[in-house]
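Using our numbering, the letters of the sequence shown correspond one by one to residues 4 to 141.
Heads up, the beta-carbon is just placed ideally off N, CA and C, and yes, glycines get one too.
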Amino acid sequence: MERNLTNIKERILYYTDIKGFSKEKFFEELQITYGNFKGKAKNQALSSDVIERIIAKYDDLNPVWLLTGKGEMLKEVKIDNSNSKADNSFLGNNITGNNVTISNNDISNIIEMHKDLAESLKMSQNQINTLLEILKNR
């Protein structure tokens, strides 16, 4: 399920997909156009001003991943568990508990699968509605 994200623009598009952001709203908030992320423009460099705005606005985005593609897409989650009595904890980029470890990458993959399943469910529901209309009109 891992994508080959060769440049910063592809990683930004992937981030918006995983987070479920509206691309129109995302680019509008950054004062840039989606056209810069399509076709031949997708392979052109992104200005440091835009990169700075993205990193400042989306503080869960790992800047190392954005710039290089290395590491996790999302920053490490830090939570103080000192008062927690549960056996669950956050360790590095992983959530651990009851002999289960889930990384940010796993979470990203789960979100992507959820989106795919939601789209399939929507299509199935539309087909069911169409079939019900056909049966109703008989």
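Query, Result
"Cβ shell of Leu33 (< 6 Å), same chain only, five flanking positions each side left out", "Arg56"
"Given 8 Å, three or more beta-carbon pairs between the region 26 to 44 and the region 56 to 65", "yes"
"Burial state of Ile15, where buried means 16 or more other Cβ atoms lie within 10 Å", "buried"
"Length of the line joining the Cα atoms of Asp109 and Lys78", "14 Å"
"Through-space distance from Glu115 to Leu134, alpha-carbon basis", "29 Å"
"Pairwise C-alpha distance: Ile113 and Ile131", "26 Å"
"Whole-angstrom C-beta distance between Leu70 and Ile11, which should lie under 8 Å", "7 Å"
"Length of the line joining the Cα atoms of Tyr61 and Tyr18", "10 Å"
"Terminal residues of the alpha helix (DSSP H) in which Glu13 lies", "Ile11 to Lys22"
"Opening and closing residue of the alpha helix (DSSP H) in which Gln191 lies", "Residue 191 is absent from the structure shown; the chain starts at 4 and stops at 141."
"Distance between beta carbons of Gly74 and Lys8, contact taken as under 8 Å", "Before going further, note that residue 8 is Leu rather than Lys in the sequence given. With a Cβ gap of about 12 Å, Leu8 and Gly74 do not count as contacting."
"Nearest-angstrom Cβ-Cβ length linking Ser111 and Met76, presumed shorter than 8 Å", "6 Å"
"Burial state of Lys125 (16 or more Cβ within 10 Å)", "exposed"
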